[in-house]
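Numbering (this note's numbering), first residue to last: 81 to 144.
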């Protein structure tokens, strides 16, 4: 388990979760994601891309 469990929890677990949320928000809001090569998608409880999913990530232009 990444952050421990039950009795002993990592003191930085909540901090890391917050940092990851900020990082993901920044990636989604500041960059444009374009699918370059479509792949097969298997729908299970989550999405699985057996051959990968090729995307191009470019920085959005700032308006100011």
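Glycine included, every Cβ here is placed at the ideal spot set by N, Cα and C. Source: prediction; values computed, not measured.
Hey, quick one: how far does the alpha helix (DSSP H) through residue 97 stretch, first residue to last? On the chain shown, residue 97 is found 17 positions in, with the first residue counted as 1. Its alpha helix (DSSP H) spans residues 93-110.
Contacts around residue 119, its chain only, beta-carbon distance under 8 Å, and the 5 residues preceding and following it disregarded: Along the chain shown, one-based indexing puts residue 119 at 39. Only residues of its own chain outside the window of five on either side were considered, and among them 129, 130, 131, 132, 133 and 134 have a CB closer than 8 Å to the CB of residue 119, listed in chain order.
Residues bridged to residue 121 (per DSSP): For the purposes of this step, residue 121 is taken as residue 41 along the chain shown, with counting starting at 1. BP columns for residue 121 are empty, so no partner.
Residues in its own chain within less than 8 Å of residue 88 by CB, not counting five upstream and five downstream? As a working mapping, residue 88 is identified with position 8 in the chain shown. Annotation for residue 88: no residue places its beta carbon closer than 8 Å to its own, counting only its chain and skipping 5 residues before and after.
Whole angstroms are fine: how far does the CA of residue 100 sit from the CA of residue 94? The count along the chain shown starts at 1 and reaches residue 94 at position 14. The count along the chain shown starts at 1 and reaches residue 100 at position 20. Rounded to whole angstroms, residue 94 to residue 100 spans 10 Å at the Cα level.
Which whole-angstrom value is the C-beta distance of residue 123 and residue 140, which I expect to be below 8 Å? In the chain shown, residue 123 corresponds to position 43, counting from 1. In the chain shown, residue 140 corresponds to position 60, counting from 1. So it is not a contact: roughly 29 Å between Cβ atoms.
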